[in-house]
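For reference, the structure discussed in these notes is given below.
Numbering (this note's numbering), first residue to last: 43 to 343.
Written out as structure tokens, the structure is:
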């Protein structure tokens, strides 16, 4: 299996099974993709074509191109659960216009997960993990910090039960950072909880869609709390969990590389910016018409 793609005008061919990456010229590109030679302007000379095909055959013989699937006939073991995403809060203190979860309530909230449900989920994870030694629990919502006591108690319970079962459990918390105070920060650092912080980039981009229930922008408070968290994280000794800033780009900011640069200017160097998930017809939804500009923006980034 090969993948042909270009990056900044360079034609590249990736062989998935050998993991070899090749830079090729226009003729080799056309041969590998099975295209006619019209785009070349004129048909290649027979000797040139034979040379390219010979090089391709040589790479194939060496197992660097069109490599056979090394996992052919592989039968996977019985499935085992390795991670849980616990929606501990069907409630949120923001009312983001692009929220896929109905402003954090999933159409049924507001509601908070009781501790006994979280503990049962931990037991389910341990009972179905099979031979897996490293497991993960993600705290999600809505806004999980609205149910902070349950998050903390679940960490304590899962750590104890995991140790009894001979398993290592790691934790990740995704938060909009409005309630990310020093107490929450200290707990996450002390207990190695990974933290995903939602911040979309420039003030005008973030505040366009990430609004409070009263319609105010949340940028200033989020940036203040995230900066404080990152300062504490940087100063905290190892071992500690990771963090990263998680931004969302929409049809309103196809120049999202500028949002990336803005986050860097704020002092952050662990950043992920991802496309919005939205129903067709939403004003912020991305469509097929946006793809050329988005592809160009990824190259610019």
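Note that the Cβ used here is the ideal one computed from N, Cα and C, for glycine as well. As the structure is a computational prediction, the values presented were derived from the model and not from experiment.
- The stretch 90-99 and the stretch 167-180 do not touch, with fewer than three beta-carbon pairs separated by less than 8 Å.
- If one requires a minimum length of 4 residues, the alpha helix (DSSP H) runs lying completely within the stretch 173-241 are 190-206, 224-232, in chain order.
- For residue 267, the enclosing alpha helix (DSSP H) starts and ends at 261-277.
- For residue 140, the closest of 186, 292, 301 by C-alpha to C-alpha distance is 292.
- Annotated as proximal: residue 72 and residue 82, with beta-carbon spacing under 8 Å.
- Under the three-state reduction of DSSP, residue 45 is assigned to strand.
- In the three-state DSSP reduction, residue 116 falls in the coil class, being neither helix nor strand.
- By DSSP's assignment, residue 129 forms a beta bridge with 182.
- For residue 110 and residue 203, the gap between their C-alpha atoms comes out near 44 Å.
- Minimum Cα-Cα distance from residue 220 among the listed residues 63, 144, 137 corresponds to 137.
- Its chain contains 126, 128 as the residues whose beta carbon lies nearer than 7 Å to that of residue 163, once the 5 sequence neighbours on both sides are disregarded; these appear in chain order.
- Taking the C-beta atoms as reference points, residue 188 is found nearer than 8 Å to residue 135.
- The three-state secondary structure of residue 289, taken from DSSP, is strand.
- Here residue 317 carries a strand assignment [DSSP, helix/strand/coil].
- Residue 56 is bridged by DSSP to 45, 63.
- By the Cβ criterion, the stretch 112-121 is not in contact with the stretch 143-155, since fewer than three pairs of Cβ atoms, one from each stretch, lie closer than 8 Å.
- Just so you know, the alpha carbons of residue 213 and residue 179 end up roughly 5 Å apart.
- Below 8 Å, enough C-beta pairs join the stretch 261-279 and the stretch 216-233 to call them touching: three or more.
- Cα atoms of residue 47 and residue 76: separation of roughly 14 Å, rounded to the nearest angstrom.
- Within the same chain, 182, 238 come within 6 Å of residue 216 by CB-CB distance, once the 5 residues on both sides are set aside.
- The residue from 160, 259, 174 with its alpha-carbon nearest to that of residue 122 is 174.
- A straight line joining the alpha-carbon of residue 248 with that of residue 296 spans about 13 Å.
- Between residue 160 and residue 132, the C-beta spacing is not below 8 Å.
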